[in-house]
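Asks: Residue numbers (our numbering): 2 to 156. By construction, the Cβ of each residue, glycine as well, lies at the ideal position given by its N, Cα and C atoms.
#1: Assuming residue 58 contacts residue 121 under a Cβ cut-off of 8 Å, what Cβ separation, rounded to an integer in Å, is found between them?
#2: I need the straight-line Cα distance from residue 1 to residue 118, nearest angstrom please.
#3: If you count every other CB in all the chains shown that lies within 10 Å of the CB of residue 79, and 16 or more means buried, which is it?
#4: Can you give the Cα-Cα distance for residue 70 and residue 32, rounded to whole angstroms?
#5: Please name the residue or residues paired with residue 54 in a DSSP beta bridge.
#6: Which one of 137, 142, 111 has the shortest CA to CA distance from residue 38?
#7: Looking only at its own chain, which residues have a Cβ that is under 6 Å from the Cβ of residue 60, when we skip the five neighbours before and after it?
#8: Report the CB separation of residue 55 from residue 135 in whole angstroms; it is logged as a contact under 8 Å.
#9: Of all the options 62, 127, 150, which has the alpha carbon lying nearest to the alpha carbon of residue 111?
#10: Please classify residue 154: does DSSP put it in a helix, a strand, or coil?
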C-alpha cells in the first residue's frame, strides 16, 4: 500500500527546563524545532540512533523513550539491559520484551546519551502493516523529552 505523504508545517519545539539532564543541545539556544511529517494522518519524526536514520511515529500516549520493531533493532549497535514488565491483569505480571541501551539518540539538534529502547510488543502482522502504511519502524514517546518542556505547535 502506498503511503499518503502530506507536507505539513507542524513543528515540535523542545525547550530545556533544567541543565541536570543527559541530553545536550548542539546549538547555543535553549529552543529546538523538529519538523514532523504527516503520513496517513500520523505524525512521523526523523530520529538518528547511533548515527543511523530511522523514521518513527511520534506517540503522545507512549511514555517510553523509544519502542522499536525488531527490524530496526537488528540494525543497531546496542546492549541488552533487561526486560520490560507487561501486566496481564492488575495482579499478574508477565515477562515482557527486551530492553536495550543505545549510546546516542538525536532528534533535531538534541542529543540524548545512553537511551533505553524497548522492543515493540505487537505481533509481526501488525508490524508489517505499520511499516507498509507509515514507513516507520516504531515510536518515539514523550519519555525521551521528560526533562524538557515540550510544546507542539503548527504554522
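Replies: Well, looking at it:
#1: No, residue 58 and residue 121 are not in contact; Cβ-Cβ is about 11 Å, not under 8 Å.
#2: Here the chain has residues from 2 to 156 only, and residue 1 is not among them.
#3: buried
#4: 30 Å
#5: 49
#6: 137
#7: 140, 142
#8: Not confirmed; about 12 Å, so no contact.
#9: 150
#10: strand
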